[in-house]
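Asks:
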Amino acid sequence: MRTQAITQLLAAGLLMVGMAPSASAQELDWAQKMFSQLKVEFGNVASGSDTRTQIEVKNIYKEQVRILNVGTTCGCTAANPSQKVLETGETAYIEVVMNTVKFKQQKNSNVDVTLSFTDANGATTTKSVRIPISAYIRQDIVVDPGSVDFGSVDMGAGARRTARVSYSGRTDWSVQSVEVNNEYLEAEIVEKQRAAGLSGSSVVNYDLIVQVRPSAPVGVIRDKIMLMTNDAANPQVPVLIEAKVEPDIVVSPGTLQLGDNIIPGSERTYPVIVRGKKPFAIERIECESDQECFKVRLTKDMKTYHVLQLSFKPPETPGHFEEEFTITIDGRPEPITFSAVGDISATVTSNGR
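Each residue of the sequence shown is one higher than the one before, starting from 0 at the first, in numbering that gives the first Met the number 0.
1) Taking the alpha-carbon positions, what's the Arg159 to Ser48 distance?
2) Can you tell me which of the three DSSP states Ser21 falls into?
3) Taking Ala195 as the reference, give the member of Asn204, Ile188, Glu187, Val189 with the closest Cα.
4) From the DSSP output, in three-state form, read off Gln256 for me.
5) Given this structure, state the Cα-to-Cα distance separating Asp247 from Asp329, to the nearest angstrom.
6) Quick test of your reading: Glu315 and Cys286, contact by CB under 8 Å. State the CB separation rounded to the nearest angstrom.
7) Thinking C-beta only, is Gly275 closer than 9 Å to Val356?
8) Just the Cα atoms here: how many angstroms apart are Asn58 and Leu37?
9) According to DSSP, is Gln31 part of a helix, a strand, or is it coil?
10) How would you write the range of the beta strand (DSSP E) that Gln105 sits in, first residue to last?
11) Should Asp300 go down as buried or exposed, given a rule of 16 or more other Cβ atoms within 10 Å for buried?
12) Under 9 Å, Cβ to Cβ, is there at least one residue of chain D near Val217?
13) So is Val174 buried or exposed if we call it buried at 16+ other beta carbons inside 10 Å?
14) In chain order, what residues of the same chain have a beta carbon less than 6 Å from the beta carbon of Ser133, not counting five sequence neighbours either side?
15) Taking one C-beta from the region 229-238 and one from the region 138-156 each time, how about it: are there three or more such pairs within less than 8 Å?
16) Contact between the region 334-346 and the region 256-268: three or more CB pairs below 8 Å?
17) Please report how far the alpha carbon of Asp139 lies from the alpha carbon of Val100, in whole angstroms.
18) Return yes when the Cβ of Val152 is within less than 9 Å of the Cβ of Val211, no when it is not.
19) Looking only at its own chain, which residues have a Cβ that is under 7 Å from the Cβ of Val167, when we skip the five neighbours before and after it?
20) Taking the alpha-carbon positions, what's the Thr161 to Met225 distance?
21) When you compare only the Cα positions, how much space is there between Asn79 and Asp222?
22) Could you give the DSSP three-state label for Arg137: helix, strand or coil?
23) Please confirm whether Gly70 and Asp111 have their CB atoms less than 9 Å apart.
24) Considering only residues of the same chain and omitting the five flanking positions on each side of Val189, which have a CB-CB separation below 6 Å?
25) So, helix, strand or coil for Asn204, using DSSP?
26) Within the continuous beta strand (DSSP E) that includes Asp342, where are the two ends?
27) Report the residue from Val164, Thr228, Gln104 whose alpha carbon sits nearest the alpha carbon of Ile136.
28) Reducing DSSP to helix, strand and coil, say where Asp153 ends up.
29) With a cut-off of 8 Å on the beta carbons, I'd call Val56 and Thr50 a contact; round off their distance for me.
30) Name the two residues that bound the continuous beta strand (DSSP E) containing Lys243.
31) Helix, strand or coil for Lys83? Go by DSSP, reduced to three states.
This is how it looks when you write it as structure tokens:
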């Protein structure tokens with residue numbers, strides 16, 4: 000979205016109010032336009048389930064925007080921003096959490112976010128945005144633990160976790176399937192127990208088995224899977240899934256800074272660290288270009304920590320210099336990469352030209 004000045008937007012908004020009051024009531028104000036959503040509906044959730052979401056707040060303006068306050072109108076919800084100062088183009092995340100342990104049945108709340116900016120004349124403008132929050136917390140369904148949190152998962156390794164889903168109520172109630180819309184997750188539901196409860200009710204226990212696939216790339220997985228039940232009125236029960244897929248081998252620095260005003264032909268050595276969680280051997284290192292500016296001596300040693308002495312002889316061509324490297328690890332199907340950047344100075348002759 001193109002950056003614009005808030006002061007200009009405010010002036011246009013005031014003009015719009017004067018010209019067409021009925022139409023302006025439907026327009027978003029400058030603060031509301033920063034939010035990814037202006038309403039949160041969790042729907043039907045299980046008792047004890049980890050019920051949370053993130054609301055994006057992006058500064059689409061030229062001025063710096065500050066988040067002065069974030070509060071809620073009910074103790075059933077909590078909200079916290081990831082940061083309070085937003086420069087142009089920056090995004091903050093307000094995490095909204097519904098307390099499904101202490102509270103039951105229908106709960107309605109609001110998250111109130113107060114924003115401000117200061118214009119070029121030093122005048123400060125403040126605006127509050129109210130976001131309604133709603134959820135129906137079912138007492139007949141309990142998920143334990145409240146979410147499936149994998150924590151850190153090594154890339155390529157995959158992982159598996161199990162949560163318990165319990166139901167107390169109708170004798171014919173059942174979870175019929177699990178709906179997964181993330182290609183890096185898979186899940187299955189297994190009925191473990193069905194017994195008679197009090198007053199003719201039934202008690203049912205399931206194991207919810209969730210897996211992060213080995214194909215999951217490096218990054219954060221944060222998604223919901225849906226338990227699809229035979230309850231016609233409320234068929235879906237959401238379960239939050241979280242994981243952080245981390246590389247098993249890391250290169251440091253990821254971008255090697257060669258320096259500024261590098262003199263052509265002046266050879267220099269830079270250390271590059273390749274670190275893994277298990278011992279590994281480096282098979283080879285390759286450059287993307289054919290300039291042949293780099294040399295390195297490799298060993299076939301198996302270890303978790305390799306320090307590579309990368310020798311660089313700058314080319315004669317002045318200007319910005321970049322190189323991409325590919326490291327092939329013995330027994331690892333995917334290579335790892337890093338880069339080098341710098342600026343090469345023009346060659347200076349003996350007469351200064």
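Think of the CB as a built atom: it goes at the ideal place given N, C-alpha and C, for glycine as much as any other residue.
Replies: Taking the structure as given:
1) Their backbone Cα atoms lie some 19 Å apart in a straight line.
2) With a pLDDT of 32 at Ser21, under the threshold of 50, the modelled position of that residue is not reliable, and the figure given next carries that caveat. Helix, per DSSP.
3) Here the closest residue by C-alpha is Asn204.
4) Three-state DSSP puts Gln256 in a strand.
5) Distance between the alpha carbons of Asp247 and Asp329 is about 13 Å.
6) Taking a contact as a CB-CB distance under 8 Å, the pair Glu315 and Cys286 does not count as one, their CB atoms being some 17 Å apart.
7) Absent from the structure is residue 356, since the part of the chain shown begins at 0 and ends at 352.
8) Annotation: Asn58 to Leu37 spans about 16 Å, alpha carbon to alpha carbon.
9) Note: Gln31 maps to helix in three-state DSSP.
10) Looking at the DSSP string, the run of the beta strand (DSSP E) that includes Gln105 is 104-117.
11) Of the residues assessed, Asp300 falls on the exposed side of the cut-off, its CB having fewer than 16 other CB atoms within 10 angstroms.
12) Going by chain labels, chain D is absent from the structure shown, which holds only one protein chain.
13) Residue environment for Val174: buried (at least 16 other C-beta atoms within 10 angstroms of its C-beta).
14) In the same chain as Ser133, and ignoring 5 residues on each side of it, the C-beta atoms closer than 6 Å to its own belong to Glu40, Asn107, in chain order.
15) These segments touch.
16) Yes, since at least three Cβ pairs between the region 334-346 and the region 256-268 fall closer than 8 Å, the two stretches touch.
17) In a straight line, the C-alpha of Asp139 is about 13 Å away from that of Val100.
18) Result yes, Cβ atoms of Val211 and Val152 sit closer than 9 Å.
19) Residue 167 is actually Ser in this sequence, not Val. Cβ neighbours of Ser167 within its own chain (closer than 7 Å, five residues either side excluded): Asp139, Gly196, Ser200, Val202.
20) Cα-Cα distance, rounded: 15 Å.
21) Rounded to whole angstroms, Asn79 to Asp222 spans 20 Å at the Cα level.
22) DSSP places Arg137 in strand when its eight states are reduced to three.
23) Yes; because the gap between Cβ atoms is below 9 Å, this pair is in contact.
24) The answer, listed in chain order, is Asp206.
25) When DSSP states are grouped into helix, strand and coil, Asn204 belongs to the strand group.
26) Boundaries of the beta strand (DSSP E) harbouring Asp342: 335-343, taken from the DSSP string.
27) Nearest of Val164, Thr228, Gln104 to Ile136, Cα basis: Gln104.
28) Strand, per DSSP.
29) About 20 Å; that fails the 8 Å criterion.
30) It spans 235-245 - the beta strand (DSSP E) in which Lys243 sits, taken as one unbroken run.
31) Coil, per DSSP.
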